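For the sequence shown, the working numbering assigns the number 665 to the initial residue and increments by one for each residue that follows.
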Amino acid sequence: MEDVLAVYARPHDPARPVVCMDEKPFQFLGEVRDPQPARPGRDARQDSEYVRCGTCSIFVWTQPLAGWRRVHALPQRTKLDWAGQVKQLLTVDYPDTETVVLVMDNLNTHGIASLYEAFEPAEAFALAQRLEIHHTPKHRSWLNIAEIELSALSRQCLDRRINDLDTLNTELTAWQHTTNTNQRGVNWQFTTDNARTQLSHLYPKISRDTLLVTRAGNAVIKSVDPGFCWQDAGSPSYWVVPGRTGNPASRKLGRRISCLISGAGH
Numbered sequence: 665m666e667d668v669l670a671v672y673a674r675p676h677d678p679a680r681p682v683v684c685m686d687e688k689p690f691q692f693l694g695e696v697r698d699p700q701p702a703r704p705g706r707d708a709r710q711d712s713e714y715v716r717c718g719t720c721s722i723f724v725w726t727q728p729l730a731g732w733r734r735v736h737a738l739p740q741r742t743k744l745d746w747a748g749q750v751k752q753l754l755t756v757d758y759p760d761t762e763t764v765v766l767v768m769d770n771l772n773t774h775g776i777a778s779l780y781e782a783f784e785p786a787e788a789f790a791l792a793q794r795l796e797i798h799h800t801p802k803h804r805s806w807l808n809i810a811e812i813e814l815s816a817l818s819r820q821c822l823d824r825r826i827n828d829l830d831t832l833n834t835e836l837t838a839w840q841h842t843t844n845t846n847q848r849g850v851n852w853q854f855t856t857d858n859a860r861t862q863l864s865h866l867y868p869k870i871s872r873d874t875l876l877v878t879r880a881g882n883a884v885i886k887s888v889d890p891g892f893c894w895q896d897a898g899s900p901s902y903w904v905v906p907g908r909t910g911n912p913a914s915r916k917l918g919r920r921i922s923c924l925i926s927g928a929g930h
């Protein structure tokens, strides 16, 4: 979580734009009966019955600090589809940038391996070298600013029945053009300090008797009962620091560890 928040805190850098992406399934719906248009004294009417006409996936790419976004619908959301969208991002949207910092969720298609399935190794490697990927944690997709764009898109463009892909992409293009013209940005205010305060329950709790074990060699030290006993594989190359405690067993353990660290023996 803090990794993504640190990315959002970066200043605007045209050479390394921060871009967020997400995707949304969409169901095509057709009319069983023609809707009745509005007329004086009477609202438009639409039959509650509809016809399912298949599904598609809407891809959203947005650069929050620039007020830019691109939306496009594809019949599927396979690895090849995602790879094609990434190629368009790097070669059409940002052809001259050094690196694109990409924030997205952990969907199985969202990875460098998808580029190698879609393109020749040399091309896939060249594209991958221009990406700096940051994944949002599982069950924390709200950290992805692209979800805000999808929410606005759903309210402003997808709140009616659309029955085919061409019509949908026409509507998406119109929404994209209007929103980009207005340069509507996202005022992201949730910081790392906010997370440590408001989401403190997500952070690990370290008790006073917890032992902190640092690996410095190939042997293994195992804390059997933190603060009371320990085992080692005969290697003093591990430093084990006991927690602050008044427990006599912990004080004895601390003296023994100090001897190991100073080389005074076991």
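The beta-carbon is built from N, C-alpha and C at its ideal position, and this holds for glycine as well. In this text, all values refer to a predicted model and were calculated from it rather than measured experimentally.
Check, Outcome
"Inter-stretch contact at 8 angstroms, needing at least 3 Cβ pairs: the stretch 745-764 / the stretch 780-792", "yes"
"Backbone CA spacing between residue 679 and residue 764 [nearest angstrom]", "8 angstroms"
"Sequence-distant residues of its chain with Cβ nearer than 7 angstroms to residue 776 (five each side left out)", "792"
"Integer Cβ distance of residue 666 from residue 810, believed to fall under 8 angstroms", "Between residue 810 and residue 666 the Cβ distance is about 19 angstroms, and since that is not below 8 angstroms, they are no contact."
"Where residue 723 falls: helix, strand or coil (DSSP)", "strand"
"Through-space distance from residue 682 to residue 674, alpha-carbon basis", "9 angstroms"
"Beta-carbon contacts of residue 780 that lie in its chain and below 7 angstroms, excluding the five residues immediately before and after", "788"
"Distance, residue 690 Cα to residue 774 Cα", "19 angstroms"
"Residue 939 versus residue 864: straight-line alpha-carbon distance, rounded", "Nothing about residue 939 can be read from this structure; the chain reaches only from 665 to 930."
"Local Cβ density within 10 Å of residue 633, reported as buried at 16 or more and exposed below that", "Given a span of 665 to 930 for the chain in the structure shown, any question on residue 633 remains unanswerable."
"Beta-carbon contacts of residue 797 that lie in its chain and below 6 angstroms, excluding the five residues immediately before and after", "766"
"Neighbour-count burial assignment, residue 733, 16 or more Cβ in a 10 Å radius", "buried"
"Nearest neighbour of residue 813, chosen from 723, 706, 738 and 692 [CA to CA]", "723"
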